[in-house]
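Residue numbers (my numbering): 2 to 201. We treat Cβ as the ideally placed atom computed from N, Cα and C, and that holds for glycine. Quick caveat, the model's predicted, so the values are computed rather than measured. So the structure is just underneath, and the comments pick up after that.
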Ligand code: ADP
Ligand code: MG
């Protein structure tokens, strides 16, 4: 990815998070504490304000810096988890990754998130989107297909019972609502897929 595109990607991600902040808040209000929209917006506006600085770094360093910034600014449970995702991605990725490199690094990054959250797939969290996206990447799905898979995976959290995060305090009552972090993850996956798709 070129510096220009990383800067454009950060701006586009901040735009999509801002445009969906109320939706994310409403999702988190239903089965959490209603701060996810604001948390994500704060984090991505912080990224936006330094987009060119991130884009000026080699990709591994840029991703690590993005992860660190997200930990510092998003807050809640999701801040350290999204932060871990990007920091771990930066640790394992090469400066100019192909799909195979990206798949391997993304797999390790997901493992880092799962370790940090003591969570696994099926517990109604962001992992329920990250994991299917990783599988889709591994089998060579197109960016457009991957974006759709992410949306379907977020939808698939609706009937799940939450076993991690605040929503788990509700037990059975968490059933019937989409997980907010799964939704924000799907929004980010679509923006990344679109930007990489344009690049390809
Ligand atoms: P908080 O729960 O502290 O209010 P947010 O509302 O910003 O933080 O984020 C909640 C989201 O974080 C959830 O919707 C879920 O996707 C994700 N999450 C919470 N705990 C975990 C965990 N242990 N493992 C993976 N994801 C988690
Ligand atoms: Mg919350």
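Shortest gap from the CB of residue 152 to any heavy atom of the ligand ADP: 7 Å or more. Judged by their CB atoms, residue 43 and residue 15 are not nearer to each other than the 8 Å cut-off. Note that the region 17-35 does not touch the region 145-155; fewer than 3 beta-carbon pairs, one per stretch, sit closer than 8 Å. Relative to the ligand MG, the beta carbon of residue 167 is positioned inside 7 Å of a heavy atom. Counting C-beta atoms within 10 angstroms of its own C-beta, residue 85 has 16 or more neighbours from the protein chains shown and is therefore classed as buried. With respect to the 8 Å criterion, residue 135 and residue 150 are not classified as neighbours on the basis of their beta carbons.
The beta carbons of residue 171 and residue 32 sit closer together than 8 Å. Shown here for residue 65: same chain residues with a beta carbon closer than 6 Å to its own, the five before and five after excluded, namely 88 and 91 in chain order. Distances between the C-beta of residue 194 and the heavy atoms of the ligand ADP are all 7 Å or more. Residue 41 and residue 167 have their C-alpha atoms some 16 Å from each other. Within the same chain, Cβ atoms closer than 6 Å to the Cβ of residue 108 are found at 135, the five residues on either side in sequence being excluded. Here residue 12 has 49 and 52 as same chain residues with Cβ atoms under 8 Å from its own Cβ, once five neighbours each way along the sequence are excluded. The ligand ADP approaches residue 37 closely enough that one of its heavy atoms is under 7 Å from the residue's Cβ.
For the pair residue 119 and residue 113, the Cα-to-Cα distance works out to about 10 Å. Sequence-distant Cβ neighbours of residue 83 in its own chain, meaning closer than 7 Å and more than five residues away, are 71 and 75.
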